[in-house]
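S.K.:
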Amino acid sequence: MAKTSAGLILYRIRQGRPEFLLVHPGGPFFQKKDNGAWSIPKGEVGPSEDLLAAAQREFREELGLEPQGPFLPLEPIRQKSGKRVHAWAFEGDCDPSRIHSNTFTLEWPPRSGRFVEFPEIDRAEFFDLETALQKVMPAQRPLLEQLAARLGFAP
């Protein structure tokens with residue numbers, strides 16, 4: 000059965016245009032990847048966990064920030080892996096240089112017997128719509144396009 004993820008998109012309006020907060024995955028696999036590698040802050044939903052509560056938890060874990068609603072629900076998407084992603088948007092602001100992500104441990108290099116701790120998110124940044132659509136992983140583009148349209152800024 001396909002997994003389910005939930006996430007939040009923090010957006011702000013600057014000079015009359017929307018900007019979207021995206022996160023870059025930490026660890027060695029995405030270290031040199033940029034366009035198409037960024038994501039909305041999201042994560043897997045527990046078996047009996049409420050979707051919005053899971054999205055808020057993931058936002059706190061990945062960014063070290065407390066999300067403040069109201070939350071605007073977006074239509075879910077399905078990623079290539081089959082994973083279904085539920086997302087909500089909310090307006091706010093933060094200093095992306097001050098994020099504090101949770102970590103994970105990985106054997107690195109592979110089969111080395113050495114385990115290294117990496118941040119789940121190594122950086123976050125606000126992007127205008129055009130740039131965000133280039134940076135975000137392709138399967139998540141519809142979430143940004145949907146939000147932009149709801150805000151009155153068609154891509």
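Residue numbers (numbering that gives the first Met the number 0): 0 to 154.
Where a beta carbon is used, it is the ideal one built from N, C-alpha and C, also for glycine.
Only counting the same chain, and skipping five residues up and downstream in sequence, which positions put a Cβ closer than 7 Å to that of residue 187?
M.R.: No information on residue 187 is available, as it lies outside the stretch 0 to 154 that the chain covers here.
S.K.: Could you name each continuous alpha helix (DSSP H) segment of 4 residues or more that falls completely within the segment 31-115, going from the start of the chain to the end?
M.R.: Within the segment 31-115, the complete alpha helix (DSSP H) runs of at least 4 residues are 50-62.
S.K.: Counting pairs of beta carbons, one from the segment 47-57 and one from the segment 9-18, are three or more of them closer than 8 Å?
M.R.: Verdict: no, contact absent.
S.K.: Are residue 119 and residue 61 closer than 8 Å when you measure CB to CB?
M.R.: Contact: yes.
S.K.: CA-CA distance, residue 8 and residue 131?
M.R.: Rounded to whole angstroms, residue 8 to residue 131 spans 12 Å at the Cα level.
S.K.: Pairing CB atoms from the segment 63-70 with CB atoms from the segment 98-117, are three or more of them under 8 Å?
M.R.: Output reads yes: the segment 98-117 touches the segment 63-70.
S.K.: What are the boundary residues of the beta strand (DSSP E) that includes residue 24?
M.R.: Start and end: 16-24.
S.K.: Would you mind sorting residue 25 into buried or exposed? The rule is 16 or more other CB atoms within 10 Å of its CB.
M.R.: Buried: at least 16 other Cβ atoms inside 10 Å.
S.K.: Since residue 41 and residue 5 should fall inside the 8 Å C-beta cutoff, what is the C-beta to C-beta distance between them, to a whole number of angstroms?
M.R.: Indeed, because the Cβ distance is near 6 Å, the residues count as touching under 8 Å.
S.K.: If you compare alpha carbons, which of 89, 91 and 117 is closest to residue 29?
M.R.: It is 117 whose Cα lies nearest to the Cα of residue 29.
S.K.: One question on the structure: do residue 88 and residue 105 come within less than 8 Å of each other, judged by their Cβ atoms?
M.R.: It is not a contact, given that the beta carbons lie outside the stated cut-off.
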